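In order, the protein sequences belong to chains L and Y.
Just so you know, we're using our numbering here: the first sequence kicks off at -16 and counts up by one.
Just so you know, we're using our numbering here: the second sequence kicks off at 2 and counts up by one.
Every residue gets a Cβ at the ideal spot worked out from N, C-alpha and C, and that includes glycine.
The model shown is predicted, which means the values in this text are computed figures rather than measured ones.
Before any comments, here is the structure.
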Amino acid sequence: MEFNANIPEGPLDQKWTKHKTKIKLVNPANRRKYHVIIVGSGLAGGAAAASLAEMGYNVSCFCYQDSPRRAHSIAAQGGINASKNYQNDGDSTFRLFYDTVKGGDFRSREANVYRLAEVSGNIIDQCVAQGVPFAREYGGLLANRSFGGAQVSRTFYARGQTGQQLLLGAYQQLSRQIGLGQVKMYNRHEMLDVVLVDGHAKGIITRNLVDGKIERFAGDCVILATGGYGNAFFLSTNAQGCNVTAAFRAYRRGAGFANPCYTQIHPTCIPVHGDQQSKLTLMSESLRNDGRVWAPKDRETAKKIREGKMHPGDVPEDERDYYLERKYPSFGNLAPRDISSRAAKEACDDGRGIASTGLGVFLDFRDAIQRFGKDTIAERYGNLFDMYNRITGDDPYTTPMMIYPAVHYTMGGLWVDYNLESNLPGLFVAGEANFSDHGANRLGASALMQGLADGYFVLPYTVGNYLGTQGLAAAGKVTTDAPEFEQAESDVRAKIDKLLSIQGTESPRSFHKRLGDITWSKCGMARDKAGLEQAIVEIQALKKEFWENVKVVGDANEINQELERAGRVADFMDFGELMCRDALMREESCGGHFRVEHQYTEEDEIVQSGYLSPGEAKRHDDEFGFVGIWKFEGEDQVPSLHKEMLEYEEVKFATRSYK
Amino acid sequence: MKLHLKIWRQKNANNPGGFEGYDLDDVSEDSSFLEMLDILNEQLVDKGQSPVAFDHDCREGICGMCSMMINGHAHGPEKATTACQLHMRHFKDGDTITIEPWRAKAFPVQKDLIVDRTAFDGIIQAGGFITARTGSAQDANLTPIGKEVADKAMDAAACIGCGACVAACPNGSAMLFSGAKVTHLNSLPQGKAERDRRVLSVVHAMDDAGFGNCTNYGECQEACPKEIKLDVIAKMNRDYALASVRSFFSKAG
């Protein structure tokens, strides 16, 4: 079977240990004979590059930024989960595993998630050894905070810059290996194709973003750690350069793309201010530890606030709807992201939104400041408050923050088996670029955990297994003279030439924005059949227009940011269509994928019993308890759908309730 | 608002550059500085002209990629703010704004406002790390680290490697950047074993890359968007002196 997850036999808590004792190893003296290509230098790519190089493999690492330290992992604010149970509040490997499966709305692969929870503690140990300055208590031990979807305090953090500190930790380990000559680093290189030889991934084609040179690189395997596809929506919390190109090129070469419709809309972003905006800024979920989310109960009050005729601080207590606390009393403001986002949308759809656009709710620190004092709140969130102030001009110490959901993370990605290997042998996929661990919704502080788990503790074993299985005779055998490299390079050149030759009238940025309008309105927080069908037609038309009328100025042999964007937007359009197709196929609601046709109503028994509120996502496990995997079937052809059935041994399918 | 922009244009590293003037209308006060440049670039593309190349990525002040002198200030006039977090409400209608790349011997211009900062990577590769083999770590709570020490290390570790300190320094010195990394790692118990090697390697790499010397202008501290303090330079100098002495006597046997 092409999409065999290769989950090891045995009880869940012994699978990884047993697997590690069984898989193939490469003798330390032989590792230097292998060349590993890693695309991406974020938490997953950087950690894998450093660890594999340390073991003795020759590694080449590629990133599009000017330094590996810029990868977008750096922007994660709140923290990283680990089941250390340092707080003695009942945490365990199983509980972290269970919270993650439940948070993912029972759409993730059980064995992968268990392994993630299992190695979570090692990550913290590793990072502390590298000098990551996590927050500490006066006694010198590590501090924790709480995050959404959990009732224990298991999140480790470094002020509001946890991603930065973890990435710099990995970057420093990577830098050490670059200094030792064990890793060759290629900054400002963008991967534009993956090369298959006899069906195995054996190399990549890149464009040097400084001089435009197209280059071939051959290796014994390829690891993609190229992040998510949130920019398919134009406005997102992703960095400007984040793109789906590497993953999408692999898809076009035959790799399965799993669950592209699982996108995470983060509930606490700064609302959109106007049409000149280029990105959305996240306010960390950690703020929900102390901030209370509310909207006015009354539409008239909301209207007055929108028009600036009333200060939010003047709204009396009994006219405020703390809707998360009302609807989900046991999790309150720490309800998971998908649920919190939809609740905000509901309040705004009801005409009770604030911000000038009507698309916003409050995140209020008034009570926390009264309880703990301004200094304590400043120490906890000072840098986030400053950032909010810089962007909006408002002071969150005196005026409640305004927030609204925005595209943040993508749970879907290239399909991988238990070894993080795609259906194309020798092509490994790690971090946000793969699909396996977060199901249909990711819990806060789990992305950093997954990136580092993949890079430090999974790939160093499973890559060795692949290389060992191929045998020493195969090491370094494929060179860049192979005809497959010739073909891939000429495909890449043809696409660049085509983009430059059209010389139409509309900029790549404008097309990107128009794509975002379609994907956000029809495949965003709420989706329905008619809208998705229309979105597919609209994207196809936009794509046609793009290839007839895009205007790319400048040349191919220089720094050309317009050309870079044009290539990425072209892939986003094809990908956007695939995302809508997947959302259309999945006739259920789960996690971040909400089909309005599939929600609980007053007529459902589970609502009448008080277990659930109406409007919650309704899954159909019998029909859709599978991973939806799409395979490319040729240009302008409908891709084929394949299924990996999700089988739960330890956890039982259950309807999520955070009440 | 209406603006007049004077922007440094340079085709590539091999050609000389110069200032060009542009007029821009209808800029929203709520736009960020880089969004203002996006608007300019869209208009230039419309006219078939080459847009202004500038480095940027996260646009939330943490990746360190954006890098430009705005009216003579690295990252512009606002304190503790990167160019991407600077908003147009800090400018007035009718203002003339001058935009240049970082200028330093160790940061050659590649195009327009884009410079090559790989010299910074070289410093980290030489010694800006703690050797910690993956999988060999002890339990994270085995060595308690006082909150004061951890906070001090975190203050230094907040550096985003943007290079504003180098650009602001009349000598083009990288002492603030290097001092921040040395202070971060040398303050922590985990970093003690390599303390001397680290500071010696970092200082040598910095000198080899063509960065200038520190003569205590203090411009770097003013320009730093993460408010790294000059203390880190003092700490690095102290560690360097001690390491040099120890290294001398250990060689003497």
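Worksheet item: How far does the beta strand (DSSP E) with Lys167 of chain L in it reach, from first residue to last?
Response: Val166 to Tyr169
Discussion item. Check for me: the alpha helix (DSSP H) holding Asp82 of chain L runs from which residue to which?
Written reply: Thr76 to Gly86
Discussion item. Quick check on Trp503 of chain L: does DSSP put it in helix, strand or coil?
Written reply: DSSP places Trp503 of chain L in helix when its eight states are reduced to three.
Discussion item. Applying the 10 Å Cβ sphere with the 16-neighbour rule, what's the burial state of Gly409 of chain L?
Written reply: buried
Worksheet item: By how many angstroms is the C-alpha of His88 of chain Y removed from the C-alpha of Lys182 of chain Y?
Response: 30 Å
Discussion item. Strictly below 7 Å CB to CB, what residues from chain Y border Thr264 of chain L?
Written reply: Glu61
Worksheet item: Under a three-way DSSP split, which group does His581 of chain L fall into?
Response: coil
Worksheet item: Nearest CA to the CA of Asp474 of chain L: which residue from L:Lys328, L:Lys7 and L:Thr189?
Response: L:Thr189
Discussion item. Taking CB distances under 9 Å as the criterion, tell me whether Gly136 of chain Y reaches chain L.
Written reply: Flagged as an interface residue toward chain L: Gly136 of chain Y, by a C-beta distance shorter than 9 Å.
Discussion item. Taking only three categories from DSSP, how would you classify Met174 of chain L?
Written reply: When secondary structure is reduced to three states using DSSP, Met174 of chain L falls in the strand class.
Discussion item. I'd like the ranges of any alpha helix (DSSP H) spanning at least 4 consecutive residues and lying wholly in the stretch 506 to 590 of chain L.
Written reply: 512 to 532 and 544 to 568
Practice prompt. Kindly give me the distance between the Cβ atoms of Asn272 of chain L and Ser129 of chain L, rounded to whole angstroms, as I take these residues to be in contact under 8 Å.
Written response: 6 Å
Practice prompt. Please check if any C-beta of chain L sits within less than 9 Å of the C-beta of Ile161 of chain Y.
Written response: yes
Discussion item. Out of L:Tyr641, L:Gly114, L:Leu403 and L:Leu179, which one is the CA nearest neighbour of Pro466 of chain L?
Written reply: L:Leu179
Discussion item. Give me the subset of the stretch 8 to 29 of chain Y whose CB atoms are less than 7 Å from a CB atom of chain L, sorted by chain position.
Written reply: Asn13 and Ser29
Item to complete: Could you work out which residues of chain L lie near Thr184 of chain Y, taking near to mean beta carbons separated by less than 8 Å?
Response: Those within 8 Å of Thr184 of chain Y in chain L number zero; the least Cβ separation is about 11 Å.
Worksheet item: Are Glu571 of chain L and Arg602 of chain L close, meaning C-beta to C-beta below 9 Å?
Response: yes
Discussion item. Which complete beta strand (DSSP E) runs does the stretch 225 to 304 of chain L hold, if anything under 3 residues is left out?
Written reply: Qualifying beta strand (DSSP E) stretches, in chain order: 246 to 252 and 275 to 279.
Worksheet item: chain L beta carbons: is any one of them nearer than 9 Å to that of Glu223 of chain Y?
Response: no
Worksheet entry | Nearest residue (CA-CA) to Phe256 of chain Y, options Y:Asp24, Y:Asn13 and Y:Ser29 | With chain Y represented from 2 up to 254, any question about residue 256 of chain Y goes unanswered, as that position is not in the structure.
Worksheet item: So what does Ile206 of chain L bridge to, in DSSP terms?
Response: L:Ile21 and L:Phe411
Worksheet item: Is Gly608 of chain L closer than 9 Å to Phe636 of chain L when the C-beta atoms are compared?
Response: Contact flag set, yes.
Worksheet item: Using a beta-carbon distance below 9 Å, is Glu220 of chain Y in contact with chain L?
Response: no
Worksheet entry | Contact under 9 Å by Cβ, Phe555 of chain L with Leu397 of chain L | no
Fill in: C-alpha gap between Ile374 of chain L and Gln(-3) of chain L, whole angstroms
49 Å
Discussion item. When you compare the CB positions of Ile248 of chain L and His391 of chain L, do they come within less than 9 Å of one another, or not?
Written reply: Yes. Within cutoff.
Worksheet item: Nearest-angstrom Cα distance between Asn532 of chain L and Ser490 of chain L?
Response: Here the C-alpha atom of Asn532 of chain L lies approximately 9 Å from the C-alpha atom of Ser490 of chain L.
Worksheet item: Looking at His183 of chain L and Thr407 of chain L, is the spacing between their C-beta atoms short of 9 Å?
Response: The sequence given here places Leu at residue 407 of chain L; Thr does not occur at that position. Yes.
Discussion item. Distance check for Tyr641 of chain L and Ser269 of chain L, CA to CA, integer angstroms please.
Written reply: 18 Å
Discussion item. Please confirm whether Ser136 of chain L has its beta-carbon closer than 9 Å to some beta-carbon of chain Y.
Written reply: Not flagged as an interface residue toward chain Y: Ser136 of chain L, since no C-beta distance is shorter than 9 Å.
Worksheet item: Whose CA, out of L:Lys1, L:Arg142, L:Thr0 and L:Leu8, lies closest to the CA of Val446 of chain L?
Response: L:Leu8
Worksheet item: Along the stretch 168 to 194 of chain Y, what residues have a CB closer than 8 Å to any CB found in chain L?
Response: His185, Leu186, Leu189, Gln191 and Gly192
Worksheet item: On the three-pair Cβ rule with 8 Å, is the stretch 432 to 441 of chain L touching the stretch 93 to 109 of chain L?
Response: yes
Worksheet item: Are the beta-carbon atoms belonging to Cys215 of chain Y and Met176 of chain Y less than 9 Å from one another?
Response: yes
Fill in: Below-9 Å beta-carbon distance, Ala471 of chain L vs any chain Y residue
By this cut-off, Ala471 of chain L is not an interface position.
Worksheet entry | Ala389 of chain L - DSSP class collapsed to helix/strand/coil | strand
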